[in-house]
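Okay, so here's the structure we're looking at.
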Amino acid sequence: MKTKLSVLLLTLSLTACNIMDSATINSQAAQSYRQTVSQAQEHRMIDTTSNTAKRVQRVFQKLVPYATAANTTGQPFQWEMNVIRSDELNAWAMPGGKMVVYTGIVEKLNLSDAELAAIVGHEMTHALLEHSKKEANRSIGLNLGAQIGANILTAATGIDGNLIGTGVGLATDLGIAKPFSRSAEREADLGGLKLMAQAGYNPEAAITVWTKMNQENDNNNAANAILSTHPTNNARIELIRQELPKVMPIYQQAIAKK
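Residues -18 to -1, 1 to 240 in mature numbering (1 follows the signal peptide of the UniProt record, and there is no 0) are what the sequence shown spells out, letter by letter.
Now the structure itself:
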């Protein structure tokens, strides 16, 4: 996924400590998430009624028990999902399990439930492996000096800053709208495969997600630029193919129980 929650880069300026512990990060992320959702609600961007939103919530709820079982952070996650009405192809998870999926990624790519599960599982794994925390602790010392809610909405959700009367420039100039590293993306791909398999979604659908992303990116130079720091979609597809023999038995066991 492209813009991944650099929320920790914002919360660092509030803590002024050398290392952020998980409990603090999760608490501050939850506050930021509430601000993000509240501002999106004010602009009627939260979708709770469409078929897309209902599908997202259904898939999310099926994955939550397995994500909860996979949590080794030492801190319980309060998993939560909101759907934002936007044409953007994006989804993200904050530390502690606060998530957003954009309607654009579901509708433009015409995702099946299994393909949607691949995306949700991928983002869940970013949170479970605390990739944002690791990024934050590498970035200590940045002074962001801006209101956290406005910056989170712009940098982490992609909602137009002009729409909410906040400055996009600061977030962009300070480089906080960064994707995760290639290694983190690979970890999220593999972890997401296991989660979706456990929930009874065919892991092979992860291949078709990235095939569709390839087709979309061919016509989207901006997307190509953002993904330049990520593994190529073809590389991801190959990684997934190599992992399938490990996760397909998990999927088959899950559907046998139904």
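For each residue, glycine too, the CB sits at the ideal point set by N, CA and C.
Nothing here was measured: the structure is a model prediction, and the numbers come from that model.
The beta strand (DSSP E) enclosing residue i, as first and last residue numbers
| i | result |
| --- | --- |
| ALA75 | 73 to 76 |
Cβ-Cβ distance between residue i and residue j below 9 Å
| i | j | result |
| --- | --- | --- |
| residue 259 | SER4 | With the chain covering -18 to 240 only, the question about residue 259 has no answer from this structure. |
| ALA11 | GLY103 | no |
| GLU62 | LYS80 | yes |
| ARG37 | VAL88 | yes |
| LEU110 | PHE59 | yes |
| ILE219 | ILE189 | yes |
| ALA170 | GLU105 | yes |
| ALA179 | ALA236 | yes |
| ILE7 | SER163 | no |
| LYS240 | GLY182 | yes |
| GLY173 | ILE101 | no |
| ARG67 | SER32 | yes |
Integer Cβ distance of residue i from residue j, believed to fall under 8 Å
| i | j | result |
| --- | --- | --- |
| ALA96 | LEU45 | About 12 Å; that fails the 8 Å criterion. |
| residue 324 | LEU71 | Shown here, the chain extends from -18 to 240; a query on residue 324 therefore has no answer. |
| ASN53 | VAL19 | About 22 Å separates the two Cβ atoms, so there is no contact after all. |
| residue 299 | MET195 | For residue 299 there is no data in the structure shown, the boundaries of the chain being -18 and 240. |
| ALA75 | HIS108 | 5 Å |
Strand pairing of residue i, partner residues [DSSP]
| i | result |
| --- | --- |
| ASN196 | Beta-bridge pairing links ASN196 to no other residue. |
| MET63 | MET81 |
| ILE28 | ILE66 |
Chain D within 9 Å of residue i, Cβ atoms only
| i | result |
| --- | --- |
| ILE66 | This model lacks chain D altogether; it includes just one protein chain. |
Opening and closing residue of the alpha helix (DSSP H) in which residue i lies
| i | result |
| --- | --- |
| HIS108 | 95 to 110 |
| PRO47 | 33 to 51 |
| TYR233 | 215 to 238 |
| LEU91 | Element bounds for LEU91: n/a, residue is neither H nor E. |
| ALA179 | 164 to 180 |
* Decide yes or no for the touch test of the segment 11 to 27 against the segment 46 to 54: beta carbon pairs closer than 8 Å, at least 3 of them. => Too few Cβ pairs lie closer than 8 Å, so no.
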